[in-house]
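In our numbering, the protein residues as written are 25 to 593.
Think of the CB as a built atom: it goes at the ideal place given N, C-alpha and C, for glycine as much as any other residue.
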Amino acid sequence: MKKEIMRMGMALAVLLFAISCSDFDDINVKPNAFTSDEVSAKYFVTETQIQLYAPNRYPYWRAQLIHWDRFAGQFCFGFNGSWWDDGLSYTYNSGYTDAAYDYLAGYTASLSAFLNFVKEGGELENQNYYAIGLIMKGLYYQTYTDVFGMVPYSEALNPDIITPIYDSQAAIYEGVINELNEAMQIIGSSTATGEGVELLSENDLFFGGDLQQWKKLANTLKLRMALRAQGAPGADFANAAITEAMAADLLIAETDNALMEKDTEISQWSNAAYGDVWYNFGVGSNWTVGKTLVDYLQNNNDPRLPMYAQPIDGGEVVFTQPVEGEGAALFTKHVDFILAQLDNAGVSYTRVDGTNVDGQATVTINVATDTPYYVGQPTRLNGLIYTHVKEALFSRPAQLIINAKNQGNDIFPEIVFTAAEGNFLQAEAIVKGLATGDAQTLYQNGIRQAMKIWGVDDASIETFLATESIALLDGSAEANLEKISIQRWIAAYTDGSEAWSIVRDSGYPSELSAGVSDYDLYSAGTLNGAYPQRMRYGTGAYNTNGPNTEAANAAQGPDLQGTTLWFAQ
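Quick look at the structure:
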């Protein structure tokens with residue numbers, strides 16, 4: 025893959041040069057340029073995928089990890105030794121927000137260049153690559169608008185418009201669905217992008233150039249967006265889109281997963297992974313796995329638990345009462361709260377209460393290290409309890425997620441779209457009465473496919489499906505929708521933006537969507553304890569497109585993290 029990306033980088037230089045030329049044939053007179061029969065849109069597909077799903081470390085850290093993974097309740101900062109308490113980002117931070125905004129808003133330039141080159145009349149005209157470009161556009165805009173709300177769409181790719189208007193989410197969702205329909209119509213029954221230099225294969229990190237898989241991806245994304253839009257104001261297009269999507273091929277089988285393999289060698293400044301953050305800065309940049317996620321796995325005997333998280337270190341841990349400040353008066357409450365997390369997880373430990381040489385109260389516990397215990401860290405813990413949130417008492421992400429590059433170890437791939445999601449979405453549509461079919465079978469196949477991604481063996485999967493109540497849609501419609509949402513959220517682990525969207529759209533897990541209220545323990549942030557509904561626009565939006573940004577605020581609500589977006593209304 026590294027060689028492919030390097031070759032793609034050379035081709036990208038040609039593309040950027042070509043953009044500045046009035047005639048693409050000018051490239052051919054450059055001694056170091058590719059000849060016309062060597063230049064193909066396929067060389068730009070790889071970078072288009074990487075920039076969206078595994079950009080360089082700067083946005084990967086600040087957008088995905090600092091915001092989306094943590095808003096999803098799946099990762100936490102705030103253990104003693106972390107650079108931050110877990111209120112980070114629940115309290116607005118302009119620098120980290122700007123990094124996330126610039127990353128997503130900036131992707132438009134790459135997408136626009138690709139689409140303009142492969143469209144009809146473009147220098148690299150190819151209708152099949154154009155269809156792929158439209159599907160990439162759909163994937164991008166679903167994330168972009170779900171994070172910020174109103175964003176430039178209808179005018180965004182027009183090179184003659186410097187300050188594009190912001191479109192409503194309803195318009196973006198409907199527009200993307202229409203473009204996905206266009207892409208599927210273009211692909212038709214085709215399986216390949218062309219012949220010779222036009223044949224897309226290893227340059228496509230999702231499907232190896234298989235256009236029928238791209239068509240399934242487009243249709244499954246259409247179903248996701250239509251279901252998310254359904255019931256929102258002005259979403260008249262949603263029901264028809266759901267019906268159409270349910271009648272066509274979707275991502276449902278193990279061979280259908282769109283998982284982007286991580287490059288274990290290339291620089292973090294070209295293609296980042298979690299390990300680029302974990303191992304470059306010491307313990308301060310590390311994180312733990314969230315309590316809500318660990319509890320759902322552990323309480324339901326889910327075999328993914330050791331694939332998602334590591335057992336705690338355990339051993340001897342000493343809690344010491346602060347000398348002064350609010351934390352001194354809250355010492356007993358804080359320690360009892362931490363120990364309650366151990367009790368909830370079934371951890372066996374001994375406890376000794378005492379005082380230190382300064383006369384401050386201490387609590388010493390000793391957790392056996394010969395038993396694997398999994399304990400999730402509660403989300404949004406504040407600075408008052410920070411000193412007592414001991415790293416040794418909470419589970420870190422599984423090694424497969426945080427492995428370093430260049431060590432010969434596998435790294436879990438980036439989730440683009442899974443067969444599990446395709447099954448869950450169908451089950452959801454049926455339970456909501458928007459389609460017909462066997463919701464139970466689809467739901468269980470969704471769980472089955474989600475577990476297979478993480479290497480769970482068939483026997484363990486079938487035992488889970490046969491014995492655990494959470495694997496059965498046996499309740500009311502709302503109870504069944506809760507189970508589907510929870511499983512979608514679990515399956516979206518490491519895909520923080522989508523996991524966060526699931527919580528906002530469905531309200532599940534309710535432990536997260538309810539927000540927090542006990543400020544002795546949790547961070548109120550600038551949200552006053554409420555669950556974050558969106559990210560604020562970056563300063564770049566105001567600096568380069570101020571009037572249109574302000575118009576968006578007037579239309580959708582204040583530029584605050586608590587403003588509920590259209591799809592969640």
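Check	Outcome
Following the continuous beta strand (DSSP E) through residue 441, name the residue where it begins and the one where it ends.	438 to 441
Can you tell me the Cα-Cα spacing of residue 263 and residue 250, whole angstroms?	7 Å
One question on the structure: do residue 470 and residue 436 come within less than 8 Å of each other, judged by their Cβ atoms?	no
In its own chain, which residues sit with a C-beta less than 6 Å from the C-beta of residue 375, not counting the 5 before and 5 after it?	389
Give the C-beta separation of residue 555 and residue 583 to the nearest angstrom, bearing in mind that I take them to be a contact with Cβ-Cβ under 8 Å.	Contact flag wrong, Cβ pair sits at about 17 Å.
Report the option in 364, 142, 146 whose CA atom is closest to the CA atom of residue 153.	142
Taking all protein chains shown into account, do 16 or more other C-beta atoms lie within 10 angstroms of the C-beta of residue 168, making it buried, or fewer, making it exposed?	buried
At the level of alpha carbons, what is the spacing between residue 17 and residue 115?	Since the first and last residues shown for the chain are 25 and 593, residue 17 lies out of range.
How many Å lie between residue 324 and residue 506 at the Cα?	15 Å
Counting Cβ pairs, one atom from each stretch, are 3 or more of them under 8 Å apart for the segment 209 to 219 and the segment 255 to 271?	no
Between the Cα of residue 207 and those of 175, 490, 244, spot the shortest distance and give me the residue it belongs to.	244
Tell me, which residues are paired with residue 333 by DSSP?	421
To the nearest angstrom, report how far apart residue 248 and residue 424 are at their CA atoms.	28 Å
Does the contact criterion of 3 or more C-beta pairs under 8 Å hold for the segment 409 to 419 versus the segment 431 to 446?	no
Please determine, among 137, 85, 134, 135, the residue with the shortest C-alpha to C-alpha distance to residue 119.	85
How about residue 527 and residue 328: are their beta carbons less than 8 Å apart?	no
Which same chain residues end up closer than 6 Å to residue 504 when comparing Cβ atoms and leaving out the 5 residues on each side of it in sequence?	455, 497
Can you give the Cα-Cα distance for residue 130 and residue 457, rounded to whole angstroms?	39 Å
Work out the CA separation of residue 171 and residue 574 for me, nearest whole Å.	17 Å
Nearest by alpha-carbon distance to residue 246: which of 182, 453, 232 is it?	453
Assuming residue 354 and residue 544 form a contact by the criterion Cβ under 8 Å, report the distance between their Cβ atoms to the nearest whole angstrom.	5 Å
Going by alpha carbons, who is nearest to residue 108 out of 356, 576, 312?	312
Helix, strand or coil for residue 462? Go by DSSP, reduced to three states.	coil
Please classify residue 134: does DSSP put it in a helix, a strand, or coil?	helix
Taking only runs that begin and end inside the segment 163 to 218, name each unbroken alpha helix (DSSP H) of 4 or more residues, in chain order.	193 to 211
Is residue 102 closer than 8 Å to residue 110 when the C-beta atoms are compared?	yes
For a quick check, are the C-beta atoms of residue 73 and residue 284 less than 8 Å apart?	yes
Quick one: what's got a C-beta closer than 8 Å to residue 122's C-beta in the same chain, skipping five residues either side?	562, 563, 564
Please state whether DSSP places residue 104 in a helix, a strand or coil.	strand
With which residues is residue 388 paired in a DSSP beta bridge?	342, 376
Does the Cβ of residue 593 have 16 or more other Cβ atoms within 10 Å, making it buried, or fewer, making it exposed?	exposed
Where do the N-terminal and C-terminal ends of the beta strand (DSSP E) with residue 283 fall, by residue?	282 to 284
Compute the Euclidean distance between the alpha carbons of residue 441 and residue 231, then round it to the nearest angstrom.	11 Å
Quick check on the DSSP output: the alpha helix (DSSP H) that includes residue 75 runs from which residue to which?	66 to 77
Between residue 273 and the rest of its own chain, which residues show a CB-CB distance below 8 Å, the 5 nearest in sequence each way excluded?	236, 239, 240, 243
Within 10 angstroms of the Cβ of residue 71, are there 16 or more other Cβ atoms? Answer buried if so, exposed if not.	buried
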